[in-house]
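Heads up, the thing below is written out as structure tokens.
Residue numbers (my numbering), protein chains in the order written: chain A, 217 to 470; chain B, 9 to 292.
Following this line, the structure appears as structure tokens:
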């Protein structure tokens with residue numbers, strides 16, 4: 217499967233928890249400006265895989281990565297993980313705004329926590345832009361200085377998306393971002409993802425097959441730590457090459 | 009008919025047992041109220057403006073106050089906080105954020121627990137040997153060091169426990185933004201646990217404010233107003249100890265008054281820390 221412009225390219229990527237090999241020899245190119253869904257049954261290594269892409273994986277005690285991961289042309293395993301994470305945003309399974317910060321401060325967390333000082337005007341602009349991109353501006357523009365934890369779950373998740381977008385990442389990793397949300401909030405986030413891919417590449421882990429079908433352009437299917445299928449979502453869904461993909465899609469196991 | 013009688017008996021039994029349990033549950037609170045009652049009864053008459061604003065009268069003369077002891081307690085405890093709290097918080101951060109499963113952390117944890125169990129008189133003697141002896145005179149500072157030693161284990165362990173309660177997803181959210189770990193700890197983890205850490209500090213202060221033994225041969229006591237931490241200084245527990253063991257009836261009365269002042273201070277600290285603790289619980 218040839219990808220013209222890859223945002224990520226992994227070569228023989230393996231990830232371990234102690235002696236347990238959670239990701240096995242994955243070689244894949246993830247296209248730029250598209251939404252790539254990472255699917256597979258529970259415990260197949262989806263989350264571990266995307267946590268390798270911003271080197272969050274190695275923070276787990278005993279965890280280790282081997283192989284290569286290229287972000288554009290640079291091998292991120294050779295870079296300072298802190299610099300990698302500034303270029304690769306992440307949204308987590310459960311909304312996690314910082315409870316001690318206001319909505320405004322949460323959006324600027326990527327600057328504030330690093331000790332970067334912004335002029336008031338600049339800060340206002342970044343906050344508005346990020347919240348607009350995350351489709352949250354209209355709902356919170358009058359309560360910017362209230363705590364982020366007062367928002368509903370779906371709003372909190374969009375706040376976390378705004379927080380990730382505020383630092384202008386090249387790619388956004390999303391780890392089951394809607395699994396803790398109700399259907400309406402889920403729909404809002406899905407629409408947002410489709411909107412966002414114009415400006416940022418997205419890799420999203422999802423358990424939800426219809427969701428992957430609705431929003432993703434490419435699908436990677438993992439099984440027991442191996443990447444067993446990768447291709448345009450329409451193709452993988454309608455004409456899977458691997459019998460295990462087909463069994464999963466038809467609900468034979470989950 | 010029979011079932012009805014049974015039911016009435018069962019209700020009766022329930023009521024009896026419930027009242028017994030309630031009485032038993034109230035029993036542990038009785039000593040506290042007896043103490044408060046006694047202190048108010050004996051001490052309230054001593055409380056006057058003079059008592060708070062004046063220095064002790066010469067031995068045997070009636071009147072005078074405990075102004076120097078109140079000021080002294082604030083200085084000695086304040087210094088103890090300045091010495092003990094930064095160390096304890098750093099150790100707590102280390103235990104929670106850096107050394108969760110390593111040997112060194114286990115050694116620190118056990119040491120803190122053992123230190124907590126060291127009798128306060130022993131800590132007083134150690135502070136005497138470390139500071140009073142080399143300097144050649146008693147000083148408030150040596151008392152503060154002794155009290156800091158008593159407060160360190162409490163604050164270390166509460167800091168560790170409170171920081172461990174900070175959800176890991178907040179650390180990850182910060183790290184995923186490219187924030188270094190040490191900044192994440194200082195700017196996300198510590199602020200999130202701040203109320204809890206403060207509660208721990210207040211409880212520790214409440215515990216050391218009334219300690220007498222560590223001060224006996226360190227801060228020693230002083231009949232005059234002392235503000236220099238290198239001098240001997242008076243403190244409320246010392247006043248209580250010295251006056252209560254004196255032969256003068258007026259000093260016994262003042263010892264009761266000083267006890268009342270001390271317990272009111274400690275109780276208020278406890279109440280403030282309770283309110284803070286409730287606020288944490290409310291946020292979750």
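Every residue gets a Cβ at the ideal spot worked out from N, C-alpha and C, and that includes glycine.
Please read these numbers as outputs of a predicted model, since none were measured by experiment.
No Cβ-Cβ contact shorter than 7 Å links residue 243 of chain B with residue 30 of chain B. For residue 184 of chain B, the neighbours in chain A by C-beta distance under 9 Å run, in chain order, 270, 272, 301, 304, 305, 306, 307, 308, 380, 389.
Within chain B, the residues placing a beta-carbon under 7 Å from that of residue 316 of chain A are 199, 200, ordered along the chain. The alpha-carbon separation between residue 154 of chain B and residue 35 of chain B amounts to approximately 34 Å. One finds 298 in chain A with Cβ atoms closer than 7 Å to the Cβ of residue 188 of chain B, taken in chain order. Restricting attention to B/251, B/157, B/220, B/167, the CA atom closest to the CA of residue 91 of chain B is found in B/157.
Nearest Cα to residue 172 of chain B within the set B/245, B/74, B/264, B/101: B/101.
In the three-state DSSP reduction, residue 365 of chain A falls in the helix class (H, G or I). Using a CB distance cut-off of 7 Å, residue 384 of chain A does not count as an interface residue toward chain B. Bounds of the beta strand (DSSP E) holding residue 238 of chain A are 236 to 247.
Looking only at A/232, A/237, A/231, A/244, the smallest Cα-Cα distance to residue 443 of chain A is reached by A/244. Annotation: residue 464 of chain A is outside any beta strand (DSSP E); the continuous alpha helix (DSSP H) that includes it extends over 459 to 465.
When C-beta distances to chain A are compared with 9 Å, the residues of the segment 102 to 120 of chain B below that value are 108, 109, in chain order. By the CB criterion at 7 Å, residue 164 of chain B and residue 96 of chain B fall inside the cutoff.
Of all residues in the segment 268 to 290 of chain B, none comes within less than 7 Å of chain A when Cβ atoms are compared.
Of the candidates B/57, B/32, B/284, B/272, the residue whose Cα lies closest to the Cα of residue 203 of chain B is B/284. Counting only residues of its own chain and dropping the five nearest sequence neighbours on each side, residue 182 of chain B has a CB closer than 7 Å to the CB of 192, 196. With fewer than three CB-CB distances shorter than 8 Å, the segment 431 to 439 of chain A does not count as touching the segment 227 to 236 of chain A. Comparing C-alpha distances from residue 178 of chain B to each of A/395, A/365, A/387 shows the shortest one belongs to A/365. Taking the CA atoms as reference points, residue 240 of chain B sits about 21 Å from residue 213 of chain B. In this structure residue 161 of chain B touches residue 124 of chain B by the C-beta definition: roughly 4 Å separates them, less than 8 Å. Under DSSP, residue 224 of chain A forms a beta bridge with A/246, A/287. Taking a Cβ-Cβ cut-off of 8 Å, the neighbours of residue 195 of chain B in chain A comprise 328, 329, given in sequence order. The alpha carbon of residue 411 of chain A has as its nearest neighbour, out of A/379, A/303, A/251, the alpha carbon of A/251. A buried status is given to residue 379 of chain A, since no fewer than 16 other beta-carbon atoms sit within 10 Å of its beta-carbon. Check the Cα spacing between residue 249 of chain A and each of A/385, A/394, A/441: the tightest is with A/385.
Between the C-alpha atoms of residue 216 of chain B and residue 305 of chain A there is a straight-line separation of about 48 Å. Chain-ordered, the chain B residues with CB closer than 7 Å to the CB of residue 275 of chain A read 183.
Taking the C-beta atoms as reference points, residue 269 of chain A is found nearer than 7 Å to residue 389 of chain A.
Where residue 86 of chain B is concerned, the enclosing alpha helix (DSSP H) starts and stops at 75 to 101.
Residue ranges of uninterrupted beta strand (DSSP E) with 3 or more members, entirely inside the segment 258 to 341 of chain A and ordered along the chain, are 279 to 287, 304 to 307.
Within the model, the alpha-carbon separation for residue 267 of chain A versus residue 235 of chain B is close to 58 Å.
The residues 284, 285, in chain order, have a CB closer than 8 Å to that of residue 291 of chain A in the same chain once the five nearest residues on each side in sequence are set aside.
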